[in-house]
Amino acid sequence: MAVVSGLIRVMEKAARKAGQRLRRDFGEIEHLQVSRKGPADFVSKADRAAERTLYDELIAARPDWGFVLEEGGTIEGAEGKPRFIIDPLDGTSNFLHGIPHFAISIAVQEPRLDGNGWGDVTAALVYQPVTDESFWAEKTRGAWLQDKRLRVSARRHLDEALIATGIPFAGHGDFAEWARIFGAIGPNVAGIRRFGSAALDLAWVAAGRYDGFWESGLKVWDSAAGCLLVREAGGFVTNFKGQSEAICADEVLAGNDALHSKLHKLVAGALK
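Using this note's numbering, the letters of the sequence shown correspond one by one to residues 23 to 294.
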(Lines of atoms letter the chains of each structure in order from A and count residues from 1; the text may use other names and numbers.)
(Lines give C-alpha, C1' and ligand atoms only; values in the text may rest on other atoms or scores of the structure.)
Protein backbone atom coordinates (compact mmCIF):
# COMPACT_ATOMS: atom_id res chain seq x y z
CA MET A 1 0.00 0.00 0.00
CA ALA A 2 1.37 3.40 -0.97
CA VAL A 3 2.02 5.94 1.75
CA VAL A 4 1.01 9.19 0.07
CA SER A 5 2.97 12.27 1.10
CA GLY A 6 1.43 15.62 1.92
CA LEU A 7 2.87 17.09 -1.28
CA ILE A 8 1.29 14.46 -3.52
CA ARG A 9 -2.02 14.94 -1.72
CA VAL A 10 -1.83 18.68 -2.42
CA MET A 11 -1.04 18.05 -6.10
CA GLU A 12 -3.79 15.48 -6.48
CA LYS A 13 -6.38 17.69 -4.78
CA ALA A 14 -5.53 20.51 -7.20
CA ALA A 15 -5.64 18.20 -10.22
CA ARG A 16 -8.97 16.68 -9.24
CA LYS A 17 -10.53 20.11 -8.73
CA ALA A 18 -9.30 21.32 -12.12
CA GLY A 19 -10.31 17.97 -13.63
CA GLN A 20 -13.92 18.41 -12.54
CA ARG A 21 -14.14 21.62 -14.55
CA LEU A 22 -12.43 20.03 -17.56
CA ARG A 23 -14.87 17.11 -17.52
CA ARG A 24 -17.78 19.53 -17.42
CA ASP A 25 -16.34 21.62 -20.25
CA PHE A 26 -15.52 18.48 -22.25
CA GLY A 27 -19.20 17.58 -22.09
CA GLU A 28 -19.99 20.81 -23.95
CA ILE A 29 -17.64 20.12 -26.87
CA GLU A 30 -20.18 17.99 -28.74
CA HIS A 31 -22.60 20.93 -28.84
CA LEU A 32 -19.89 23.39 -29.85
CA GLN A 33 -18.67 21.21 -32.73
CA VAL A 34 -21.66 22.28 -34.82
CA SER A 35 -21.66 25.94 -33.87
CA ARG A 36 -20.56 28.61 -36.33
CA LYS A 37 -17.89 29.97 -33.99
CA GLY A 38 -16.47 26.52 -33.31
CA PRO A 39 -14.94 25.21 -30.09
CA ALA A 40 -11.40 26.65 -30.30
CA ASP A 41 -12.08 29.74 -28.17
CA PHE A 42 -14.00 27.64 -25.68
CA VAL A 43 -11.12 25.19 -25.32
CA SER A 44 -8.67 28.05 -24.78
CA LYS A 45 -10.87 29.32 -21.95
CA ALA A 46 -11.11 25.81 -20.48
CA ASP A 47 -7.31 25.51 -20.61
CA ARG A 48 -6.79 28.83 -18.83
CA ALA A 49 -9.50 28.13 -16.26
CA ALA A 50 -7.89 24.78 -15.38
CA GLU A 51 -4.49 26.44 -15.04
CA ARG A 52 -5.94 29.12 -12.77
CA THR A 53 -7.55 26.48 -10.55
CA LEU A 54 -4.27 24.57 -10.31
CA TYR A 55 -2.34 27.74 -9.51
CA ASP A 56 -4.80 28.90 -6.86
CA GLU A 57 -4.84 25.52 -5.11
CA LEU A 58 -1.07 25.03 -5.20
CA ILE A 59 -0.10 28.59 -4.21
CA ALA A 60 -2.43 28.35 -1.23
CA ALA A 61 -0.61 25.21 -0.08
CA ARG A 62 2.93 26.30 -1.02
CA PRO A 63 2.86 30.13 -1.06
CA ASP A 64 6.61 30.61 -1.48
CA TRP A 65 7.13 28.18 -4.38
CA GLY A 66 7.61 29.17 -8.01
CA PHE A 67 5.70 28.11 -11.11
CA VAL A 68 6.30 27.31 -14.76
CA LEU A 69 2.90 27.51 -16.45
CA GLU A 70 2.10 26.64 -20.06
CA GLU A 71 -0.23 29.62 -20.38
CA GLY A 72 0.97 31.92 -17.61
CA GLY A 73 4.73 31.69 -18.05
CA THR A 74 7.31 31.60 -15.25
CA ILE A 75 6.52 32.95 -11.79
CA GLU A 76 9.51 33.16 -9.47
CA GLY A 77 9.22 31.80 -5.93
CA ALA A 78 11.30 32.51 -2.87
CA GLU A 79 15.03 31.88 -3.16
CA GLY A 80 15.95 28.24 -2.68
CA LYS A 81 12.37 26.97 -2.99
CA PRO A 82 11.12 24.41 -5.53
CA ARG A 83 8.80 25.20 -8.41
CA PHE A 84 5.74 23.55 -9.93
CA ILE A 85 5.79 22.81 -13.67
CA ILE A 86 2.22 22.63 -14.95
CA ASP A 87 0.40 21.63 -18.12
CA PRO A 88 -3.31 22.14 -17.37
CA LEU A 89 -4.52 20.36 -20.52
CA ASP A 90 -2.11 18.04 -22.31
CA GLY A 91 -3.94 16.72 -25.34
CA THR A 92 -5.68 19.94 -26.33
CA SER A 93 -6.42 18.75 -29.87
CA ASN A 94 -8.10 15.63 -28.50
CA PHE A 95 -10.19 17.79 -26.17
CA LEU A 96 -11.07 20.08 -29.07
CA HIS A 97 -12.34 17.16 -31.18
CA GLY A 98 -14.25 15.40 -28.43
CA ILE A 99 -11.70 12.61 -27.99
CA PRO A 100 -11.57 11.53 -24.31
CA HIS A 101 -7.80 11.30 -24.01
CA PHE A 102 -6.16 14.25 -22.24
CA ALA A 103 -4.49 14.92 -18.91
CA ILE A 104 -3.32 17.39 -16.30
CA SER A 105 0.42 17.24 -15.62
CA ILE A 106 2.13 18.62 -12.49
CA ALA A 107 5.82 18.22 -11.60
CA VAL A 108 7.99 19.61 -8.82
CA GLN A 109 11.55 20.65 -9.68
CA GLU A 110 14.19 21.44 -7.07
CA PRO A 111 16.79 24.22 -7.32
CA ARG A 112 20.40 23.10 -7.61
CA LEU A 113 22.27 23.04 -4.32
CA ASP A 114 24.88 25.43 -5.73
CA GLY A 115 22.14 27.92 -6.58
CA ASN A 116 22.94 27.69 -10.29
CA GLY A 117 19.67 26.93 -12.03
CA TRP A 118 17.33 23.98 -11.64
CA GLY A 119 17.98 20.34 -10.89
CA ASP A 120 15.99 17.16 -10.43
CA VAL A 121 12.26 16.62 -10.64
CA THR A 122 11.30 15.08 -7.29
CA ALA A 123 7.51 14.72 -7.50
CA ALA A 124 5.11 14.15 -10.37
CA LEU A 125 1.43 13.65 -11.04
CA VAL A 126 -0.43 12.97 -14.29
CA TYR A 127 -4.20 12.96 -13.86
CA GLN A 128 -6.61 11.77 -16.55
CA PRO A 129 -9.99 13.37 -15.75
CA VAL A 130 -12.17 11.17 -17.97
CA THR A 131 -10.94 7.87 -16.48
CA ASP A 132 -10.18 9.33 -13.03
CA GLU A 133 -6.69 7.79 -13.12
CA SER A 134 -4.00 9.43 -11.02
CA PHE A 135 -0.41 8.45 -11.92
CA TRP A 136 2.10 9.79 -9.40
CA ALA A 137 5.70 9.40 -8.35
CA GLU A 138 8.25 10.76 -5.92
CA LYS A 139 11.99 10.43 -6.30
CA THR A 140 13.26 7.19 -4.67
CA ARG A 141 9.67 6.23 -3.65
CA GLY A 142 8.51 4.61 -6.87
CA ALA A 143 5.69 5.26 -9.30
CA TRP A 144 2.06 4.53 -8.60
CA LEU A 145 -1.42 4.46 -10.14
CA GLN A 146 -3.60 5.38 -7.18
CA ASP A 147 -2.28 2.81 -4.65
CA LYS A 148 -0.94 0.29 -7.19
CA ARG A 149 2.82 0.16 -7.71
CA LEU A 150 3.87 0.67 -11.34
CA ARG A 151 6.65 -1.09 -13.22
CA VAL A 152 7.71 -0.64 -16.81
CA SER A 153 7.12 -3.48 -19.24
CA ALA A 154 9.33 -6.55 -18.91
CA ARG A 155 9.40 -7.22 -22.66
CA ARG A 156 12.90 -7.63 -24.06
CA HIS A 157 12.30 -8.01 -27.80
CA LEU A 158 11.37 -5.24 -30.20
CA ASP A 159 9.09 -7.48 -32.26
CA GLU A 160 6.87 -7.85 -29.18
CA ALA A 161 6.94 -4.15 -28.28
CA LEU A 162 4.20 -1.56 -28.65
CA ILE A 163 5.78 1.88 -29.04
CA ALA A 164 4.14 5.30 -28.69
CA THR A 165 5.16 8.48 -30.47
CA GLY A 166 4.11 12.04 -31.18
CA ILE A 167 3.79 13.00 -34.85
CA PRO A 168 4.72 16.50 -36.06
CA PHE A 169 1.86 18.68 -37.22
CA ALA A 170 1.35 22.02 -38.96
CA GLY A 171 3.96 24.46 -37.70
CA HIS A 172 5.40 22.08 -35.10
CA GLY A 173 8.17 19.52 -35.38
CA ASP A 174 10.54 18.14 -37.96
CA PHE A 175 8.64 15.86 -40.36
CA ALA A 176 11.79 14.63 -42.11
CA GLU A 177 13.48 13.65 -38.84
CA TRP A 178 10.36 11.90 -37.56
CA ALA A 179 9.96 10.01 -40.82
CA ARG A 180 13.56 8.73 -40.63
CA ILE A 181 13.05 7.50 -37.08
CA PHE A 182 9.68 5.94 -37.94
CA GLY A 183 11.29 4.19 -40.89
CA ALA A 184 13.92 2.69 -38.59
CA ILE A 185 11.63 1.68 -35.72
CA GLY A 186 8.42 0.74 -37.53
CA PRO A 187 9.60 -2.45 -39.30
CA ASN A 188 11.10 -3.79 -36.06
CA VAL A 189 8.23 -3.46 -33.59
CA ALA A 190 4.78 -4.96 -32.99
CA GLY A 191 3.04 -1.62 -33.42
CA ILE A 192 3.25 2.16 -33.13
CA ARG A 193 0.56 4.34 -31.55
CA ARG A 194 -0.08 8.10 -31.60
CA PHE A 195 -2.73 9.07 -29.03
CA GLY A 196 -1.93 12.78 -28.71
CA SER A 197 -0.84 13.35 -25.10
CA ALA A 198 2.85 13.05 -24.24
CA ALA A 199 2.13 13.18 -20.50
CA LEU A 200 -0.17 10.16 -20.79
CA ASP A 201 2.18 8.39 -23.20
CA LEU A 202 4.94 8.52 -20.58
CA ALA A 203 2.57 7.56 -17.77
CA TRP A 204 1.50 4.56 -19.85
CA VAL A 205 5.15 3.56 -20.39
CA ALA A 206 5.54 3.67 -16.59
CA ALA A 207 2.44 1.48 -16.27
CA GLY A 208 3.69 -1.04 -18.85
CA ARG A 209 0.86 -0.30 -21.28
CA TYR A 210 3.40 0.93 -23.79
CA ASP A 211 6.87 -0.58 -24.07
CA GLY A 212 8.57 2.60 -25.29
CA PHE A 213 8.07 6.16 -26.49
CA TRP A 214 9.82 8.76 -28.61
CA GLU A 215 9.03 12.34 -29.52
CA SER A 216 10.87 15.59 -30.18
CA GLY A 217 9.93 19.24 -29.90
CA LEU A 218 8.16 18.94 -26.55
CA LYS A 219 8.14 21.57 -23.81
CA VAL A 220 9.14 21.02 -20.19
CA TRP A 221 5.51 20.99 -19.04
CA ASP A 222 4.74 18.18 -21.50
CA SER A 223 7.31 15.76 -20.14
CA ALA A 224 8.53 16.83 -16.67
CA ALA A 225 6.09 14.65 -14.74
CA GLY A 226 6.19 11.77 -17.22
CA CYS A 227 9.99 11.52 -17.12
CA LEU A 228 9.96 10.94 -13.36
CA LEU A 229 7.11 8.43 -13.63
CA VAL A 230 9.08 6.29 -16.09
CA ARG A 231 12.29 6.47 -14.07
CA GLU A 232 10.59 5.62 -10.79
CA ALA A 233 8.86 2.69 -12.53
CA GLY A 234 12.29 1.28 -13.38
CA GLY A 235 12.65 2.67 -16.89
CA PHE A 236 15.06 4.95 -18.70
CA VAL A 237 14.45 8.37 -20.25
CA THR A 238 17.11 10.11 -22.35
CA ASN A 239 17.45 12.38 -25.33
CA PHE A 240 18.13 10.88 -28.77
CA LYS A 241 21.89 10.91 -28.02
CA GLY A 242 21.33 8.68 -25.01
CA GLN A 243 22.02 11.45 -22.50
CA SER A 244 19.94 11.59 -19.35
CA GLU A 245 18.63 15.03 -18.38
CA ALA A 246 16.59 16.24 -15.40
CA ILE A 247 13.77 16.94 -17.83
CA CYS A 248 14.03 15.46 -21.30
CA ALA A 249 11.87 17.77 -23.40
CA ASP A 250 13.28 18.66 -26.80
CA GLU A 251 14.04 14.98 -27.42
CA VAL A 252 12.48 12.14 -25.41
CA LEU A 253 13.27 8.43 -25.70
CA ALA A 254 11.79 6.16 -23.01
CA GLY A 255 11.57 2.45 -22.30
CA ASN A 256 12.84 -0.33 -20.07
CA ASP A 257 16.58 -1.04 -20.00
CA ALA A 258 16.64 -3.59 -22.82
CA LEU A 259 14.23 -1.85 -25.17
CA HIS A 260 15.62 1.62 -24.53
CA SER A 261 19.04 0.44 -25.62
CA LYS A 262 17.65 -1.14 -28.79
CA LEU A 263 15.47 1.86 -29.62
CA HIS A 264 18.42 4.18 -29.09
CA LYS A 265 20.51 2.25 -31.60
CA LEU A 266 17.73 2.51 -34.18
CA VAL A 267 17.22 6.24 -33.54
CA ALA A 268 20.95 6.97 -33.62
CA GLY A 269 21.28 5.07 -36.88
CA ALA A 270 18.35 6.94 -38.43
CA LEU A 271 19.82 10.33 -37.53
CA LYS A 272 23.37 9.73 -38.82
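Using N, Cα and C, we set each Cβ at its ideal position, and we do this for glycine too.
Nearest CA to the CA of Ala192: which residue from Val174, Ser115, Ile51 and Ala100?
One-based indexing of the sequence shown puts residue 192 at position 170. Nearest option by C-alpha distance: Ser115.
Going by DSSP in three states, Ser283 sits in which element: helix, strand or coil?
In the sequence shown, the residue the question calls residue 283 occupies position 261. In the structure shown, the three-state DSSP call for Ser283 is helix.
Taking the runs of the beta strand (DSSP E) that are 3 residues or longer, which of them lie wholly in the region 29 to 97?
Listed in chain order, the complete beta strand (DSSP E) runs (minimum 3 residues) inside the region 29 to 97 are 88 to 91 and 95 to 97.
Between Ala72 and Phe157, which are expected to be in contact by the criterion C-beta below 8 Å, what is the C-beta distance as a whole number of angstroms?
In the sequence shown, residue 72 corresponds to position 50, counting from 1. In the sequence shown, residue 157 corresponds to position 135, counting from 1. Between Phe157 and Ala72 the Cβ distance is about 17 Å, and since that is not below 8 Å, they are no contact.
Select from Gly141, Ile128, His123 and Gly234 the residue whose C-alpha is nearest the C-alpha of Arg177.
Taking the first residue of the sequence shown as 1, we reach residue 177 at position 155. Checking every option, the nearest Cα to that of Arg177 belongs to Gly234.
Kindly list the residues whose CB is nearer than 6 Å to the CB of Lys103, restricted to its own chain and excluding five residues on each side of it in sequence; keep chain order.
To locate residue 103, count along the sequence shown from 1; it is residue 81. Contacts found: Asp86 and Trp87.
Please check the pair Pro151 and Gly41, which I expect to be a contact at CB under 8 Å, by giving their CB distance rounded to whole angstroms.
As a working mapping, residue 151 is identified with position 129 in the sequence shown. As a working mapping, residue 41 is identified with position 19 in the sequence shown. At roughly 4 Å, the Cβ-Cβ gap stays under 8 Å, so Pro151 and Gly41 are in contact.
Cβ of Ile300 within 9 Å of Cβ of Leu76?
A question about residue 300 goes unanswered here, because the residues of the chain that appear run from 23 up to 294.
Less than 9 Å between the beta carbons of Glu160 and Leu281, yes or no?
To locate residue 160, count along the sequence shown from 1; it is residue 138. To locate residue 281, count along the sequence shown from 1; it is residue 259. No, the Cβ-Cβ distance between Glu160 and Leu281 is not below 9 Å.
Bridge partners - Gln168, DSSP secondary structure assignment:
For the purposes of this step, residue 168 is taken as the residue at position 146 of the sequence shown. Per DSSP, none; premise fails for Gln168.
Based on Cα-Cα distance, which residue from Phe48, Arg231, Val174 and Trp236 lies nearest to Phe204?
Within the sequence shown, residue 204 is the residue found at index 182, counting from 1. Ranking the options by Cα distance to Phe204, first place goes to Trp236.
Please classify Asn138 as buried or exposed, where buried requires at least 16 neighbouring CB atoms within 10 angstroms.
The sequence position of residue 138 within the sequence shown is 116, counting from 1. Taking every protein chain shown into account, the CB of Asn138 has fewer than 16 other CB atoms within 10 angstroms, so this residue is exposed.
Which value, in whole angstroms, describes the spacing of the CA atoms of Arg58 and Trp226?
Position 36 of the sequence shown, counting from 1, holds the residue named residue 58. Position 204 of the sequence shown, counting from 1, holds the residue named residue 226. Note that Arg58 has pLDDT 48, beneath the 50 cutoff, so the model's placement of it is unreliable and the number below is only indicative. If you take the alpha carbons of Arg58 and Trp226, they lie about 37 Å apart.
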